[in-house]
Every structure is written in C-alpha cells, then in structure tokens.
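Here the structure is laid out as structure tokens; the discussion comes afterwards.
In structure tokens form, the structure reads like this:
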C-alpha cells in the first residue's frame, strides 16, 4: 500500500485532437509502464473503433511509477478522457475520481469549445489545474498568444504553463515534475471503514464483470466481503489489482488509489456506475454522493436482422450498458421488425458508436430505426397514449391532436456567429425567449421542438459557429402541434424504419430531400425502383432509380433491326416481371444518412 502523500491522481482534459492520448503515451513510455516492444500509438485507446477513428470513446486509467527529482518514489494514476461532447458523461464521472487535471491546449489552435466545457467540469469538481501547451514544435504555434487566451477566456493563471510536444517527447520531464509538485495528494483515512467509488465497469469473457474503483477511505483486500450500497448485493473479492496499463494483481489498495477488483459478479445490473462499495461487516454508514444521471436526447429502435438473435442482442445490450452509463434501453416490438430495444443516446455519434460496438464486439447484424422523440396523442374518445415509434401511429381519424415535447435551449456563442445561430433556430421552428451578453459572448435562450433538435441540430450548430458554440437544454413540457406521419415507400412497399413524424409545413421539402438521398444511397437493381414519400394516401415526392441493363443485343451484328427489337422486348418483359417479385436491398447506412436534415 502506497503512502497517501506520494500518490497523485489526475485526468487529461482537452478539445478533440489536441493531443490527450499522445501525451498519455509519452508519460507511460517515460515511466517505464510498458517496454519499447509493447508500446503502440494511442496505447490506452483499446477498442478497434477508437484506433480506426482516432478518437477516445472510453476514459481509460493507468498507474505509473515515477522517481522524482527529490528522490521520492511517486505513484501517478492517470485517466485519459474523451473530447467529444457525446461522451461528456465519461469526462464528468472521471473528474470525481481524481484531484487534479492537466489542461492540454494546442499551441496553434488555442482554446476551443470542448476545452471550455471540459475545463468547467474540472473546475466544478474542485480540481487543481495545470495548463499544458502541446504541439509547441509546429511552425504555426503561438505560445504567448495562447497563454493570454487561456487567462482571458477560462480565467486561470497560465504564466507557468508547460511547453511540450507530446509527439517528440519535448518537455515531458517538466510535465511529470509539475504533476508531483503542483497537484495535491489525495486525502483519506486508512483506518476508517472502506468507502470506494465505482468509477466504471465492463464485462470480460474470462473474469466476468471487472470493476474500476477509487478508494476514498479504508482499504480493499482480496478475500474481503464487499457490499454495493445502492444495489444491496454482496460478493467476496477474488482479485485486486491495478492497470500499468497491463492488469497487475496487488495485495491491497489503500486510500487515494485507483484500481480494479473482480468478484465473480454474474448480475451485470448490480454494478451501477457511481455506486459506493463498502465491507459487508462494519461498513460505511453514508454512501458517497455518486454521479448525476445522464439525460438521453435521441431515441431509436435497435432490432436484430435475424429474429432468432434477440436473446443474444439482449445479453449484448446488458453488457454494453454496464460499460456505458449514459446508454439506456427497454424492450419494444414492431410489426415489421419483431422484438428489439428502444434505446436512448446522448447524440448521433453516440448512437453510431453503440451500434458499431454491438455489431463488432458481439457479432450481431442490426437494423436501427429513425431516431425520434416521444409524442403524446389525445384520442377522440378522451384517452391519451404515448407514441415512441412513428410506425405505431393509429388511424388519423381517431386522433384529436398530437402533442410534441419542447425544450428550453441555452446557447453560448461568440458575437460574430450570433446571426447564424438565430437563423438556425428560426429554421427549426424556434421561439426566442432571451438574449443577453457575457463579455464578447452572447447567451441566447430559445424554446425549440425536440424533434427538430434531436437529429442533427448539434452538428449544424457546431458547423455554423466553427465549433465555438456550447449548447445545453432542459425539457420544457408538451405542446400541441400540426404534425403528420410521413411514410417512405421503396418499390411500393412502406419501409417502417424510415417513417418520421414531421410538421405539416415542412413535410414536402423534407420528403423531397429524403427521396433524393435514398436515390444516391440505394444501389441500382436489375429493375426500376421508385422511391416515394407519402402522407396518408397522398404522394408528396418521388424519385426513380434506373435499372441496371445488360447489353442483350451484343451478339447481333448487322442483319434486320427486328432481331434486336425482339431481344429488347423480351428483356423489357423480364424486367416488368422482376419488378413485381423483386426485393430491394436497402443498405444499413442509408437509414441513418437519409434522415440527416440538410440546411
């Protein structure tokens, strides 16, 4: 067990692509966590998707042993966090487990939107913050200007910011010394009853559920009987260890340490992120405050392509939800697609990553329906029902009116992009509530219908403001709206997964753009494929995918034209028959891409 004063727990926070994972690589390399042979690029990004896309999705932890300039041996626990807003929940929960943060800012790009969002989370968690200017060796680097910007925009002292280049290893010694000298040691009483925060958990095929914990008080040993305070479940501890980033078993973990435990946990739902772990006998009285639950923004149905795989999908979704606390799910059924799950996500990137992980890690082929929100329908007989999926909409004649959820959105944006933001909100049927200024930044408050926001509002907001706008919202209640169900027919067959609820005024342009997109996304078949958008029995838009043609007249050279005509007529009759019985294959990416609204 390490002495508490020789432990430093810290996370690395930054905007996307400012060099968090590369900095973590260098720290691991310099402290000898891995040998040269074992080192890879972005060693902490363990998932294939993370390596392919070059982004961090899960916060990862690693323990480093460092001998400082004063000769003392220190233990550094580092958490590398994601930069994308869809994974902000990963960042916020990592903050609770550490005492300090390295704020990494790109010396050429400066402070960006997620830098602000992530550093505010660190300030809220009462962290000591050390600014680090990365990519100092780039020709475009302007360290003095960026230091002034950090002081002006964030309001923290950057006079002692460390100048580094994580790629070349320049200035890494200074980073390690700053961690030891400028970040506080954790507090904790080794003799008090055990109190440990459950930071994360995931499923391992060999060990069962692996639980990442931060010990606050007391100590955790192998063989102890532990209780999850919220779930009320008790388990004997099989093994206790740390990540260096390899799994290494240790005898015990003391106050301030970060490590993992396995305890033959079979029930995935017993390990709630943010729960408090204590000993079964003479345990802690009060649990730790834990985490704020996350609010899902986008809902969508996930169904297995093969209905027989439903039980496999259930097991996979349970295991994934264990690893990602911001993902919620419940069972639903659909007439066309059978049994599946209605899932809640923090955004579209989050939705994409989850579906990709389910397909890769658990080898299940999926169909995802159009992302949507929950509508309330008041029927003519006085009853009220909720509608999660546009495909379940009852007969229009029985409905009195439909109510849709509205949100109150607060957008912080630099002055020069204000016009674009107001225009975007107006396009999305927004109603302005308030407009105030904080320095050079405008704060706009808008009421917006959630179904206009849910799909790609955030992406559009980021693109019109070059990434500088920050967006926060709360649900404001339900209001009646002039809403209709728009169905999409491919080859005269309605496609359930593409049905959407839209405002009547926007139905035609939306239907037209959807048909145009599908025309590009659906491959050509041997017969003509019509794509139509319809409201009830009225077709409002149509596109046709032309047929692939085989050159049947290739073998005719010279001779009478009637020979060619005969062959062409025969082909035409064949195509007509094919169109009656032919099946159109719609690729999976067509579902997501067809629904993105264009400006």
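In our numbering, the protein residues as written are 178 to 776. Backbone N, C-alpha and C fix where the C-beta goes; we use that ideal spot for every residue, glycine too.
Residue i to residue j span [Cα, whole Å]
i, j, result
"residue 443", "residue 498", "15 Å"
"residue 347", "residue 676", "55 Å"
"residue 401", "residue 570", "54 Å"
"residue 438", "residue 331", "38 Å"
"residue 575", "residue 681", "18 Å"
"residue 662", "residue 544", "21 Å"
"residue 329", "residue 288", "10 Å"
"residue 684", "residue 711", "9 Å"
"residue 323", "residue 510", "53 Å"
"residue 698", "residue 709", "14 Å"
"residue 441", "residue 405", "14 Å"
"residue 350", "residue 343", "11 Å"
"residue 393", "residue 493", "32 Å"
"residue 243", "residue 337", "22 Å"
"residue 550", "residue 613", "30 Å"
"residue 519", "residue 525", "15 Å"
"residue 652", "residue 704", "47 Å"
"residue 313", "residue 196", "11 Å"
"residue 778", "residue 181", "Since the displayed the chain opens at 178 and closes at 776, residue 778 lies outside it and no answer follows."
"residue 579", "residue 655", "10 Å"
"residue 633", "residue 479", "19 Å"
"residue 585", "residue 598", "15 Å"
"residue 341", "residue 316", "14 Å"
"residue 356", "residue 413", "36 Å"
Backbone secondary structure at residue i - three-state DSSP
i, result
"residue 449", "coil"
"residue 645", "coil"
"residue 746", "helix"
"residue 422", "coil"
"residue 499", "helix"
"residue 634", "helix"
"residue 355", "helix"
"residue 581", "strand"
"residue 653", "strand"
"residue 487", "helix"
"residue 251", "strand"
"residue 475", "strand"
"residue 414", "coil"
"residue 298", "helix"
"residue 438", "strand"
"residue 517", "strand"
"residue 596", "helix"
"residue 550", "coil"
"residue 779", "Limits of the chain in this structure are 178 at one end and 776 at the other, which puts residue 779 out of reach."
"residue 458", "coil"
"residue 672", "coil"
"residue 627", "helix"
"residue 360", "coil"
Environment of residue i [buried if 16+ CB atoms lie within 10 Å]
i, result
"residue 279", "buried"
"residue 482", "exposed"
"residue 286", "buried"
"residue 646", "buried"
"residue 201", "buried"
"residue 678", "buried"
"residue 659", "exposed"
"residue 762", "exposed"
"residue 454", "buried"
"residue 738", "exposed"
"residue 725", "exposed"
"residue 308", "buried"
"residue 391", "buried"
"residue 621", "buried"
Nearest-angstrom Cβ-Cβ length linking residue i and residue j, presumed shorter than 8 Å
i, j, result
"residue 371", "residue 456", "5 Å"
"residue 384", "residue 305", "That belief does not hold up - the Cβ atoms of residue 384 and residue 305 are roughly 35 Å apart, past 8 Å."
"residue 717", "residue 706", "Not a contact, Cβ separation roughly 18 Å."
"residue 375", "residue 386", "Their Cβ separation, rounded to whole angstroms, is 11 Å, which puts residue 375 and residue 386 out of contact at 8 Å."
"residue 435", "residue 397", "Not quite, the Cβ-Cβ distance comes to about 11 Å (not below 8 Å), so this is no contact."
"residue 487", "residue 548", "Rounded, the Cβ-Cβ distance is 21 Å, inconsistent with contact."
"residue 523", "residue 473", "7 Å"
task: State whether the region 564–571 contacts the region 541–555, with contact taken as three or more CB pairs (one from each stretch) at a distance under 8 Å.
output: Cβ pair count under 8 Å is three or more, so yes.
Okay, do the region 413–421 and the region 376–383 touch, 3+ Cβ pairs below 8 Å being the bar? No, the region 413–421 is not in contact with the region 376–383.
#### Entry: the region 484–498 touching the region 529–545, judged by at least three CB pairs closer than 8 Å
Touching, yes.
Are at least three pairs of beta-carbons, each pair with one atom in the region 619–630 and one in the region 593–609, less than 8 Å apart? Touching, yes, given that three or more Cβ pairs across the two stretches are closer than 8 Å.
Any chance the region 293–307 sits against the region 188–199, with 3 or more Cβ pairs inside 8 Å?
-> Taking 8 Å as the limit for Cβ pairs, the verdict is that the region 188–199 does touch the region 293–307.
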